[in-house]
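Numbering (my numbering), first residue to last: 211 to 836. Here a beta-carbon is modelled for each residue, glycine too, at the ideal position from N, C-alpha and C.
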């Protein structure tokens, strides 16, 4: 039977607070004639009809962010068969520069659709939140029960969304033709990512609760220290009338002192922080429209000031609470379900690299040269300890080793850099010796390695003399001298100029990687004023597709040989995390997975990776077999 015209499908979901999942209550399907059908999923007749439609292998199904609908439909036992399409992936390949890839922004841009129905829905959403402000479920999550909205509002809204999805599919079909192979490759990853999301990661809820308590205590203590500074300098951050009100409240109701204090000083208030900094005479030179600059980089320069130091710590710990621990405990898991299921966006970054909810922001270690207080350097690692393997399983984490540097060597065809990498020595250390041999002694060797690394990645990311000078803390003259010295030893300047020239000549950057294990052809629509970032797009983009190809290979291997004994849990930056049954030898399975992920053919230097093992948590993976 021939393939039928595509049909767009969208689901409207309610949040199941007990299971912490989205469950659809209605679904809409729109065909090529823009005829729409609404399925009320609590009705047996409608449920069976939708299930039959989804199981039809001859009708292509079009979604916007297909993984979300796959997850939702899975909750009610409906599986999607046949060809899938995703207009979010299509949009990313057609033009990666769209800051917002949601359905409404795309419809406004490509369909000239005003999306007024969404404005009406937003008003109702605001009213719903106000009316249910005291509801315990509403208070702990931003999600609403869409089914409580009037049918005359929610149903036309749902139909409009499928119409927009199908229209976008047709609009994108022509500009997408040159990248058909890459688009098909992206679609082939959907089952891999879906299974990964479905598996989820086990969370140590006891550990999370412990950290919540400890960090809350820490933030309260830091707040007290800042408040004492305010008292010492007799700073009045409220109007005098407000003070009288607070004093009366304290006298009459015995409200907690902390609550009273927090009405006096709000660390999130830029205006209040500015007044305090001015009173303390912190020598901040940078001015904004409202007063002294209070951004992290500026504050970091004055970290020796007690108030500033405590404020930086307070903000750091507050982020730990609100970004990681509270969501892990109250949103992603529950007392009855300790596996968190994160949403992954396979074209989340402009280069085509993955992005993800929450875990995307968890660093392994703080980046060199980042604005972080010394006493906080190890804190980001702690969050990873919340992720633990299932019973009778252990973690294997596999990281690509210096993949961006290796790709830089490949694309630039820099013989010196290629030689440094192939020698097996640390290429950043070799660069440091080549540039600063006379200044290097045992005590400062890693300082100069860090400088060398900043120079290399600065070039990749399009860093100029001014930025390099700020990064290294040197004069413009010294920065220019260092760059010239680097280009003399590592002739990569022509490579950068070649890519920039392509953007000016063609209007886009062409990414073309054709090999046995990786085939990629696409365009990056880089604006001419951003042409200096071309190397970053080529290197980051290729690294992203190396990871995607590796995911596809390891998933195929797992399905054919290991089934549930090896589980792919997540992709993060240059890392894949696996959950492996204890019946499998760590060394043997690591070697098997590394072989699938490595690539010694495609590039001028091998793309290699290193396995790490942990039987306790993601935060404790180590480069050894236990």
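Can you name the start and end residues of the beta strand (DSSP E) that residue i belongs to?
i           : result
residue 720 : 719–724
residue 729 : 729–734
residue 247 : 246–250
Once you ignore the five residues that flank residue i on each side, which residues in its own chain have a CB closer than 6 Å to its CB?
i           : result
residue 315 : none
residue 389 : 303, 732
residue 527 : 425, 428, 429
residue 288 : 261, 264
residue 250 : 236, 256
residue 518 : 509, 512
residue 703 : 697
residue 816 : 810
Return the CA-CA distance between residue i and residue j, expressed in angstroms with no decimal places.
i           : j           : result
residue 802 : residue 763 : 11 Å
residue 794 : residue 221 : 40 Å
residue 253 : residue 364 : 17 Å
residue 166 : residue 475 : With the chain covering only 211 through 836, there is no way to say anything about residue 166.
residue 563 : residue 778 : 18 Å
residue 234 : residue 323 : 26 Å
residue 637 : residue 630 : 5 Å
residue 633 : residue 241 : 59 Å
residue 270 : residue 217 : 6 Å
residue 567 : residue 507 : 25 Å
residue 769 : residue 812 : 25 Å
residue 694 : residue 686 : 12 Å
residue 282 : residue 312 : 18 Å
residue 594 : residue 798 : 25 Å
residue 432 : residue 520 : 6 Å
residue 317 : residue 325 : 8 Å
residue 600 : residue 771 : 20 Å
residue 420 : residue 792 : 28 Å
residue 539 : residue 780 : 19 Å
residue 796 : residue 258 : 45 Å
residue 453 : residue 673 : Low confidence applies here, because residue 453 scores a pLDDT of 45, under 50, leaving its location unreliable; read the following figure in that light. Straight-line Cα distance between these residues: approximately 50 Å.
residue 393 : residue 557 : 11 Å
residue 915 : residue 286 : The displayed coordinates of the chain run from 211 to 836. Any statement about residue 915 would go beyond what the structure contains.
residue 411 : residue 531 : 19 Å
residue 407 : residue 570 : 14 Å
residue 356 : residue 224 : 6 Å
residue 628 : residue 502 : 47 Å
residue 788 : residue 337 : 44 Å
residue 573 : residue 827 : 15 Å
Residue i and residue j look like a contact to me (Cβ under 8 Å); what is the Cβ gap, rounded to whole Å?
i           : j           : result
residue 500 : residue 484 : 7 Å
residue 386 : residue 300 : 6 Å
residue 292 : residue 274 : Incorrect: roughly 17 Å between the Cβ atoms, too far for contact.
residue 790 : residue 535 : Wrong, their Cβ atoms sit about 27 Å apart, outside the cutoff.
residue 440 : residue 486 : 7 Å
residue 496 : residue 372 : So it is not a contact: roughly 50 Å between Cβ atoms.
Report all residues from its chain with a CB closer than 8 Å to the CB of residue i; omit the five preceding and five following residues, and keep chain order.
i           : result
residue 832 : 822, 823, 824
residue 402 : 761, 762, 765, 778
residue 542 : 230, 413, 550, 551, 552, 568
residue 610 : 753, 756, 757, 784, 785, 807, 817, 818, 819
Under the DSSP definition of a beta bridge, which residues are partnered with residue i?
i           : result
residue 225 : 232
residue 823 : 606, 832
residue 550 : 411
residue 525 : Beta-bridge pairing links residue 525 to no other residue.
residue 789 : 605, 777
residue 294 : 271
residue 238 : 220, 248
residue 837 : Nothing about residue 837 can be reported from this structure: the residues present for the chain run from 211 to 836 only.
residue 497 : 502
residue 782 : 785
residue 544 : 547
residue 817 : 809
residue 670 : Bridge partners of residue 670: none, in fact.
What are the boundary residues of the alpha helix (DSSP H) that includes residue i?
i           : result
residue 702 : Here residue 702 belongs to no alpha helix (DSSP H), and DSSP marks it neither H nor E.
residue 567 : That residue, residue 567, is in no alpha helix (DSSP H); it is neither H nor E in DSSP.
residue 485 : 480–489
residue 376 : 361–383
residue 764 : 744–767
residue 535 : No alpha helix (DSSP H) holds residue 535; DSSP gives it neither H nor E.
Apart from the five residues just before and just after residue i, which ones in its own chain have a Cβ nearer than 7 Å to its Cβ?
i           : result
residue 748 : 621, 709, 719, 721
residue 696 : 645, 665
residue 758 : 399
residue 689 : 675, 678, 679, 682
residue 565 : 555, 558, 559
Against chain B, does residue i count as a neighbour if the rule is that its beta carbon must be under 8 Å from one of theirs?
i           : result
residue 748 : Checking the listed chains, one finds no chain B in this structure; it contains a single protein chain.
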